[in-house]
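Report on the following structure.
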Amino acid sequence: MSSDLRELYQQVILDHNRSPRNFKELPNATKRVEGYNPLCGDHYTVFVELDGDVIKDISFTGNGCAISKSSASVMTSSVKGKRTDDAEKMFETFHKLVLGEPAGLSEAELGRLAAFSGVSEFPARVKCATLAWHTLHSALQGEQEVVTTE
Amino acid sequence: MTAVLPERRTEYDVERIRRDFPILHRTIRGKPLVYLDNAATTQKPQAVIDRLVRYYSEENSNVHRGVHYLSEVATAAYESARTTVKKFVNARDEKEIVFTRGTTEGINLVMSSWGRRNVAAGDEILITAIEHHSNIVPWQLLCEEKNAKLRIAPVNDAGDVIVDEFAKLLTRRTKIVAFGHASNALGTINPVKKMIAMAHANGSVVLVDGAQGVPHLDVDVQDLDCDFYAFSGHKVYGPTGIGVLYGKQALLEAMPPYQGGGDMILSVSFEKTTYNALPYKFEAGTPDISGVIGLAAALDYVGSIGLRKIAAHEHDLLLYATARLKEIPGLRIIGTAAEKASVISFTLEGVHPHDIGTILDQEGIAVRTGHHCAQPLMMRFNVPATGRASFGLYNTREEADALIAGLTKVIEIFHG
Ligand SMILES: Cc1ncc(COP(=O)(O)O)c(C=O)c1O
Chain A
86 MSSDLRELYQ QVILDHNRSP RNFKELPNAT KRVEGYNPLC GDHYTVFVEL
136 DGDVIKDISF TGNGCAISKS SASVMTSSVK GKRTDDAEKM FETFHKLVLG
186 EPAGLSEAEL GRLAAFSGVS EFPARVKCAT LAWHTLHSAL QGEQEVVTTE
Chain B
85 MTAVLPERRT EYDVERIRRD FPILHRTIRG KPLVYLDNAA TTQKPQAVID
135 RLVRYYSEEN SNVHRGVHYL SEVATAAYES ARTTVKKFVN ARDEKEIVFT
185 RGTTEGINLV MSSWGRRNVA AGDEILITAI EHHSNIVPWQ LLCEEKNAKL
235 RIAPVNDAGD VIVDEFAKLL TRRTKIVAFG HASNALGTIN PVKKMIAMAH
285 ANGSVVLVDG AQGVPHLDVD VQDLDCDFYA FSGHKVYGPT GIGVLYGKQA
335 LLEAMPPYQG GGDMILSVSF EKTTYNALPY KFEAGTPDIS GVIGLAAALD
385 YVGSIGLRKI AAHEHDLLLY ATARLKEIPG LRIIGTAAEK ASVISFTLEG
435 VHPHDIGTIL DQEGIAVRTG HHCAQPLMMR FNVPATGRAS FGLYNTREEA
485 DALIAGLTKV IEIFHG
């Protein structure tokens with residue numbers, strides 16, 4: 086197998102794809118936004134329960150490739166309990182990471198997000214990796230419609 | 085499980101044919117290219133590439149308007165290409181061959197010109213559940229505009245149109261019936277001749293979307309007796325941006341122009357404009373001259389091998405690849421019609437098609453993944469997307485083997 090592929094499909098990604106975390110609806114969600122990638126049909130709904138400016142709880146449902154699903158799963162575990170502006174900062178860092186730009190953070194600081202560093206070798210998959218994040222972003226911005234990656 | 089693999093045919097010299105396609109000799113990420121995305125577009129033989137170079141190096145000029153030498157040469161090449169197309173699909177007359185940008189534009193032309201004039205409120209348009217978006221959306225636009233109804237003939241679990249249901253949906257309000265010759269998503273070859281006869285018996289006009297017909301089947305529009313037949317050059321080894329709409333002369337004569345401009349007129353004054361004769365009435369503006377000439381070169385190339393031989397070779401690949409794919413645990417083939425073009429749609433348990441596509445790509449294998457511009461069909465089979473391998477005249481059994489090896493790798497990565 087090529088080393089690029091090994092980098093892309095890291096164990097963390099395969100694991101979160103197989104058993105996604107927070108993969109359910111949230112009955113008490115204050116925000117519910119859909120994200121859609123028309124190119125490959127990836128389709129998720131992100132549920133957010135806000136307590137002031139803290140993400141008290143977050144979950145997602147839907148369907149798509151391993152990259153988009155594991156990214157949604159890792160995202161929900163990473164931002165749960167965080168302040169919304171910290172979540173937005175994390176998205177910025179994550180975006181740089183998958184584009185292969187210097188994120189200015191060490192592996193340790195990136196935590197589980199580091200598993201997505203291999204995506205930068207696959208430009209066609211950047212949209213998959215960021216779909217859930219874009220969806221969360223618009224939920225936090227107060228939008229309620231369907232978000233697409235186009 | 086050991087499948088019984090069909091015997092190989094030998095009279096088809098695929099190695100010689102492969103030498104005609106320069107792109108097949110390049111590598112992708114250090115691996116030989118295995119191109120299995122022919123339903124999306126086909127590769128071009130040297131004969132087509134050379135013809136385009138010769139046109140631009142020695143013959144380039146506008147057509148139908150100059151008295152100078154080059155214009156005569158270009159016009160002669162352009163019109164002789166029309167004759168090539170006419171013979172290829174066995175139309176009665178060159179007047180029945182209209183050059184378009186592709187299948188999509190051909191269907192839109194019929195929708196816009198024939199449809200707007202002949203479809204009224206309460207009328208019905210009948211299509212099938214396996215259509216490409218380009219044979220759905222134009223009709224939706226027309227229905228919306230005219231307050232007409234779009235009817236959909238259903239398919240069974242194998243991906244065959246249920247002909248009895250199709251028959252029931254033909255009513256006295258059915259103005260036009262439009263369906264694909266073969267499905268790009270499932271490979272199903274429709275019983276078009278029978279469906280055309282049924283629609284005609286009902287007094288309906290018939291358009292056939294031949295995008296996947298012309299590359300794989302020996303098409304004879306007179307024998308089929310369809311009223312319109314649209315196809316794309318790029319799917320039959322020709323250039324992109326050029327296509328053909330065949331239409332029966334009497335229908336085309338009665339239709340208003342599709343677009344206005346140069347070439348489609350006889351005389352223009354601000355009081356009255358007289359339209360040009362067929363087929364020029366439907367070819368407004370400077371056409372894709374090199375595309376038309378390149379398309380004729382492609383059809384000549386295909387004709388030199390022979391569609392019957394090509395179809396037999398592709399059918400062999402279809403049977404071989406299908407048998408081998410069935411060996412893969414968790415693989416499900418979507419579309420198991422008895423009559424199929426060399427298109428295999430599949431899903432793999434626990435792996436999204438997009439991931440399959442990325443992993444195969446690392447092996448130099450090009451397949452399509454996604455909804456194949458047929459979202460309603462994907463919904464019918466309850467899958468968000470599929471992987472699709474589609475074979476052309478230059479593919480080999482060894483390439484089918486490479487696909488199997490690639491899929492085995494996918495399973496290794498995902499299921500360890
Ligand atoms: C069955 C079918 N119809 C129509 C089309 C549209 O062809 P084009 O994009 O060349 O206009 C395609 C191509 O994908 C097709 O496979």
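In the order they appear, the protein sequences are chains A and B.
Residue numbers for the first sequence follow the working numbering, beginning at 86 and rising by one.
Residue numbers for the second sequence follow the working numbering, beginning at 85 and rising by one.
Backbone N, C-alpha and C fix where the C-beta goes; we use that ideal spot for every residue, glycine too.
Under 8 Å between C-beta atoms of residue i and residue j
i, j, result
"residue 114 of chain A", "residue 139 of chain A", "no"
"residue 419 of chain B", "residue 301 of chain B", "no"
"residue 172 of chain B", "residue 434 of chain B", "no"
"residue 444 of chain B", "residue 490 of chain B", "yes"
"residue 203 of chain A", "residue 89 of chain A", "yes"
"residue 279 of chain B", "residue 315 of chain B", "no"
"residue 380 of chain B", "residue 168 of chain B", "yes"
"residue 447 of chain B", "residue 493 of chain B", "yes"
"residue 218 of chain B", "residue 187 of chain B", "yes"
"residue 75 of chain B", "residue 441 of chain B", "Residue 75 of chain B is absent from the model: chain B starts at 85 and stops at 500."
"residue 317 of chain B", "residue 395 of chain B", "no"
"residue 172 of chain A", "residue 183 of chain A", "no"
"residue 480 of chain B", "residue 182 of chain B", "no"
"residue 460 of chain B", "residue 237 of chain B", "no"
"residue 179 of chain A", "residue 201 of chain A", "yes"
"residue 131 of chain A", "residue 120 of chain A", "yes"
"residue 484 of chain B", "residue 408 of chain B", "yes"
"residue 118 of chain A", "residue 224 of chain A", "yes"
Rounded C-alpha distance that separates residue i from residue j
i, j, result
"residue 27 of chain B", "residue 163 of chain B", "As displayed, chain B neither begins before 85 nor continues past 500, which places residue 27 of chain B out of reach and without an answer."
"residue 333 of chain B", "residue 363 of chain B", "9 Å"
"residue 146 of chain B", "residue 326 of chain B", "17 Å"
"residue 162 of chain A", "residue 181 of chain A", "20 Å"
"residue 368 of chain B", "residue 252 of chain B", "39 Å"
"residue 205 of chain A", "residue 384 of chain B", "44 Å"
"residue 222 of chain B", "residue 166 of chain A", "49 Å"
"residue 253 of chain A", "residue 472 of chain B", "In the structure as shown, chain A starts at 86 and stops at 235, and residue 253 of chain A therefore has no counterpart that could be examined."
"residue 476 of chain B", "residue 119 of chain B", "9 Å"
"residue 345 of chain B", "residue 209 of chain B", "30 Å"
"residue 351 of chain B", "residue 177 of chain B", "24 Å"
"residue 266 of chain B", "residue 146 of chain A", "36 Å"
"residue 159 of chain B", "residue 486 of chain B", "45 Å"
"residue 233 of chain B", "residue 87 of chain A", "52 Å"
"residue 264 of chain B", "residue 342 of chain B", "22 Å"
"residue 168 of chain A", "residue 220 of chain A", "17 Å"
"residue 170 of chain B", "residue 180 of chain B", "8 Å"
"residue 141 of chain B", "residue 129 of chain A", "52 Å"
"residue 209 of chain A", "residue 198 of chain A", "19 Å"
"residue 365 of chain B", "residue 136 of chain B", "26 Å"
"residue 329 of chain B", "residue 335 of chain B", "12 Å"
"residue 303 of chain B", "residue 174 of chain B", "8 Å"
"residue 275 of chain B", "residue 348 of chain B", "36 Å"
"residue 110 of chain B", "residue 482 of chain B", "17 Å"
"residue 109 of chain A", "residue 95 of chain A", "24 Å"
"residue 86 of chain B", "residue 226 of chain B", "Reliability fails at residue 86 of chain B, whose pLDDT of 48 lies under 50, so the model's placement of it is uncertain and the value that follows must be treated cautiously. Using only the alpha carbons, I get a separation of about 52 Å."
Ligand 3 heavy atom lying under 7 Å from the CB of residue i
i, result
"residue 111 of chain B", "With respect to ligand 3, the structure offers nothing, as its ligand set consists of ligand 1."
*Stretch-stretch touch, CB-based, cutoff 8 Å, three pairs: the segment 314-328 of chain B with the segment 374-392 of chain B*: Flag = yes, the segment 314-328 of chain B and the segment 374-392 of chain B touch.
*Which of the residues in the segment 438-452 of chain B, read from start to end, lie with their CB under 8 Å from any CB of chain A?*
For the segment 438-452 of chain B, the residues whose beta carbon sits under 8 Å from a beta carbon of chain A are, in order, 438, 439, 442, 443 and 446.
*asked:* I'd like to know if the segment 210-229 of chain A and the segment 147-155 of chain A are in contact, where contact means that at least 3 CB-CB pairs between them fall below 8 Å.
replied: yes
*Please list, in chain order, all residues with a C-beta atom less than 5 Å from at least one heavy atom of ligand 1.*
Taken from the N-terminal end onward, the list reads B/186, B/187, B/188, B/216, B/218, B/264, B/268, B/293, B/295, B/296 and B/316.
_Inter-stretch contact (C-beta, 8 Å, three-pair minimum) for the segment 146-161 of chain B and the segment 286-299 of chain B_ = no
*Are at least three pairs of beta-carbons, each pair with one atom in the segment 443-461 of chain B and one in the segment 109-129 of chain A, less than 8 Å apart?*
yes
*Contacting positions in the segment 463-475 of chain B - beta carbon closer than 7 Å to chain A*: 468 and 469
*Within 7 Å of chain B by C-beta, residues of the segment 99-116 of chain A in sequence order*: 99
*Of the residues that make up the segment 488-500 of chain B, which ones have a beta carbon closer than 7 Å to any beta carbon in chain A?*
Going along the segment 488-500 of chain B in chain order, one finds 493, 497 and 498 with a Cβ nearer than 7 Å to chain A.
*Of all the residues that make up the segment 342-369 of chain B, which are near chain A by a beta-carbon distance shorter than 9 Å?*
Considering only beta carbons, no part of the segment 342-369 of chain B lies closer than 9 Å to chain A.
*Using Cβ-Cβ distances below 9 Å, what residues of the segment 140-166 of chain A are close to chain B?*
148, 149, 150, 151, 152, 153 and 154
_By the 8 Å beta-carbon criterion, what residues does the segment 193-215 of chain A contribute toward chain B?_
207, 209, 210 and 213
*Where the segment 121-135 of chain A meets chain B: residues whose CB sits under 8 Å from a CB there*: 124, 125, 126, 127 and 128
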